[in-house]
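Peer 1: Numbered as in the numbering used here, the sequence shown ends at 277 without a single skipped number. Think of the CB as a built atom: it goes at the ideal place given N, C-alpha and C, for glycine as much as any other residue. Note that the coordinates shown come from a computational prediction; the quantities given were computed from them, not determined experimentally. Below is the structure I would like to discuss, written out as structure tokens.
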Amino acid sequence: MRIYSSIFMIKQKVEKIFNHRLLLWMISFCSCLLGCGFASPLSNRAVRSSEVYSTSEFGFSQGIVTYSPRTIYLSGIVAWDQKRRLPEPDNFETQTTLIFENLKLLLKSEGASLDDVLRLEVFIVGIDPVKLSAYSKIAAKNFNSGHKPASTVVGVEALARKELMIEIQATASIR
Numbered sequence: 103m104r105i106y107s108s109i110f111m112i113k114q115k116v117e118k119i120f121n122h123r124l125l126l127w128m129i130s131f132c133s134c135l136l137g138c139g140f141a142s143p144l145s146n147r148a149v150r151s152s153e154v155y156s157t158s159e160f161g162f163s164q165g166i167v168t169y170s171p172r173t174i175y176l177s178g179i180v181a182w183d184q185k186r187r188l189p190e191p192d193n194f195e196t197q198t199t200l201i202f203e204n205l206k207l208l209l210k211s212e213g214a215s216l217d218d219v220l221r222l223e224v225f226i227v228g229i230d231p232v233k234l235s236a237y238s239k240i241a242a243k244n245f246n247s248g249h250k251p252a253s254t255v256v257g258v259e260a261l262a263r264k265e266l267m268i269e270i271q272a273t274a275s276i277r
């Protein structure tokens, strides 16, 4: 209720300045409803790319995109190919590189890129200085435009499948 009274007060002030009552009311009302997400004609939906493996049968999406504002929340992405195969199960650097490729493909499917990523959550099995250094080098190579998202790296005992060595979650906002 407070937001509507605020809108009404703003509307009154704008009307005094411009005296275009109906037009300004419609613009402010629609902008608020669509911009705040109260009556957005677009709802949240799953992020999908035919170039990345599907996770729907596991009960979760690769990510969610919302339109108020347009934000993409990507689930933990792993190094699987389209058929859920892991090309090099024992190679941490290969898995990390493939995850960034999957991230790029999923973001691209929504018109975004790594430059739109706001935050990464990285989970590394058996983290040590060698793995952390390898991850850091690959991340720096992928975020080479000067944009560096907020990031957290967490060492974990295991991931959902024993052959997975690293998993990355991402949040992006499309400008």
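1) Let's see if you can read the secondary structure: which residues bound the alpha helix (DSSP H) around F194?
2) Buried or exposed: where does D217 fall if 16 or more other Cβ atoms within 10 Å of its Cβ makes it buried?
3) So L216 is in the alpha helix (DSSP H); what residue range does that whole segment cover?
4) By Cβ distance below 7 Å, which residues in the same chain neighbour T199 in space, the five residues on each side in sequence not counted?
5) With which residues is Y175 paired in a DSSP beta bridge?
6) Please state whether DSSP places S235 in a helix, a strand or coil.
7) Who are R147's beta bridge partners in DSSP?
8) Give the secondary structure of A242 by DSSP, where H, G and I count as helix, E and B as strand, and everything else as coil.
9) Taking the C-alpha atoms as reference points, what is the distance between S275 and K243?
10) G257 bridges to which residues according to DSSP?
11) Around the Cβ of T157, are there at least 16 other Cβ atoms within 10 angstroms (buried) or fewer (exposed)?
Peer 2: So, from the data block:
1) Within the sequence shown, the letter at position 92 stands for residue 194. First-last of the alpha helix (DSSP H) with F194: F194 to K210.
2) Walking along the sequence shown from the start, residue 217 turns up at place 115. It is exposed - the Cβ of D217 has fewer than 16 other Cβ atoms within 10 Å.
3) Numbered from 1 along the sequence shown, position 114 holds the residue referred to as residue 216. Taken as a continuous stretch (DSSP letters only), L216 belongs to no alpha helix (DSSP H), as it is neither H nor E.
4) One-based indexing of the sequence shown puts residue 199 at position 97. I240, listed in sequence order.
5) Locating residue 175 in the sequence shown gives position 73, counting from the first residue. Beta-bridge pairing links Y175 to I166 and T273.
6) As a working note, residue 235 is residue 133 in the sequence shown. Of the three classes helix, strand and coil, the one that applies to S235 here is helix, per DSSP.
7) Residue mapping note: residue 147 aligns to position 45 of the sequence shown, counting from 1. Note: R147 sits in a beta bridge opposite V167.
8) Counting from 1 along the sequence shown, the entry for residue 242 is found at position 140. In the structure shown, A242 sits in a helix (DSSP, three-state: H, G or I).
9) On the sequence shown, position 173 is the one that residue 275 refers to. On the sequence shown, position 141 is the one that residue 243 refers to. If you take the alpha carbons of S275 and K243, they lie about 21 Å apart.
10) The residue labelled residue 257 in the question sits at position 155 within the sequence shown. DSSP output for G257 lists I226 as bridge partner(s).
11) Counted from its first residue, the sequence shown places residue 157 at position 55. Buried.
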